[in-house]
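Colleague: Questions regarding the structure given below will be posed in turn.
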């Protein structure tokens, strides 16, 4: 039997697909992503079935379009139960499955087939839900600033340099949590990790 490959799915919000140096962008430098693209697969002709991120993520999760998976907005009256999910099927095939970053599924803590989830939901708090990044930030913040002190909403079309030190930024946190999983996973089994950056 052929060795099963490890699968690392990297997705980003608020990031144009051509803003990679491996895509020929004249100003953006992305050496680590370029190396991953060279050694892996880069989807240059993939299109979403819906522009809103929650239904689009559900499409990745289920392999179905929004009209079949039923998620058309961030929340709904009833949490959806999908008959099959990518991490669920891979888990049944012996993969370790990990979600890190912005999953933007509802409800947030439902695993949808992932063994583990470490979440950054853009500073949003829903009822009793607080993202793992927010909890980590509160524990490690030694200054008098918050994650939103730059006055720009996570979904804003505006841009501004972050006021956060690099090690406190959600992008750094997501990469660190993904790296932590890779260092501590069971090396005898293949893995599927969905590493999802909010920015």
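Numbering (our numbering), first residue to last: 906 to 1104. Glycine included, C-beta positions come from ideal geometry on N, C-alpha and C. Small disclaimer: the values here were computed from a predicted structure and weren't measured.
Is it buried or exposed, residue 1097, if we count other Cβ atoms within 10 angstroms and call 16 or more buried?
Modeller: Looking up residue 1097 in the chain shown gives position 192. Buried, by the Cβ-count rule.
Colleague: In three-state terms, what does DSSP make of residue 916?
Modeller: Here residue 916 corresponds to residue number 11 of the chain shown, with the count starting at 1. It is a strand residue.
Colleague: Suppose you measure from the CA of residue 1026 to the CA of residue 1066; what does that come to, to the nearest Å?
Modeller: Taking the first residue of the chain shown as 1, we reach residue 1026 at position 121. Taking the first residue of the chain shown as 1, we reach residue 1066 at position 161. Using only the alpha carbons, I get a separation of about 20 angstroms.
Colleague: Can you tell me where the beta strand (DSSP E) with residue 1100 in it begins and where it stops?
Modeller: Numbered from 1 along the chain shown, position 195 holds the residue referred to as residue 1100. Here the beta strand (DSSP E) through residue 1100 covers 1096-1102.
Colleague: Terminal residues of the continuous alpha helix (DSSP H) containing residue 963?
Modeller: Counting from 1 along the chain shown, the entry for residue 963 is found at position 58. Counting along the chain, the alpha helix (DSSP H) containing residue 963 begins and ends at 958-967.
Colleague: In or out: residue 1010 buried (at least 16 other Cβ within 10 Å) or exposed?
Modeller: One-based indexing of the chain shown puts residue 1010 at position 105. Buried is the call here.
Colleague: In its own chain, which residues sit with a C-beta less than 6 angstroms from the C-beta of residue 1071, not counting the 5 before and 5 after it?
Modeller: In the chain shown, the residue the question calls residue 1071 occupies position 166. Closer than 6 angstroms at the Cβ level, and outside the excluded window around residue 1071, lie 1077.
Colleague: Return the CA-CA distance between residue 951 and residue 1088, expressed in angstroms with no decimal places.
Modeller: Mapped onto the chain shown, residue 951 falls at position 46. Mapped onto the chain shown, residue 1088 falls at position 183. Cα-Cα distance, rounded: 30 angstroms.
Colleague: Who pairs with residue 1009 in a beta bridge, going by DSSP?
Modeller: The count along the chain shown starts at 1 and reaches residue 1009 at position 104. Answer is none; residue 1009 lacks a bridge partner.
Colleague: Select from 1082, 1049, 968, 1063 the residue whose C-alpha is nearest the C-alpha of residue 1069.
Modeller: As a position in the chain shown, residue 1069 is number 164, starting the count at 1. The shortest Cα separation from residue 1069 among 1082, 1049, 968, 1063 belongs to 1049.
Colleague: Where residue 959 and residue 949 are concerned, what is the direct C-alpha to C-alpha distance, given to the nearest angstrom?
Modeller: For the purposes of this step, residue 959 is taken as residue 54 along the chain shown, with counting starting at 1. For the purposes of this step, residue 949 is taken as residue 44 along the chain shown, with counting starting at 1. Distance between the alpha carbons of residue 959 and residue 949: 21 angstroms.
Colleague: In the DSSP assignment, find the beta strand (DSSP E) that holds residue 1021 and state where it starts and stops.
Modeller: Counting from 1 along the chain shown, the entry for residue 1021 is found at position 116. That run of the beta strand (DSSP E) goes 1021-1024.
Colleague: According to the Cβ coordinates, are residue 967 and residue 1101 closer than 8 angstroms?
Modeller: Residue 967 sits at position 62 when you count from the first residue of the chain shown. Residue 1101 sits at position 196 when you count from the first residue of the chain shown. No.
Colleague: Are residue 1083 and residue 1005 touching if we call contact CB-CB under 8 angstroms?
Modeller: What you label residue 1083 is simply residue 178 of the chain shown in a count that begins at 1. What you label residue 1005 is simply residue 100 of the chain shown in a count that begins at 1. In this structure, residue 1005 lies closer than 8 angstroms to residue 1083 by Cβ.
Colleague: Between which two residues does the alpha helix (DSSP H) holding residue 940 run?
Modeller: Translated into positions along the chain shown, residue 940 becomes position 35. Element bounds for residue 940: 936-944.
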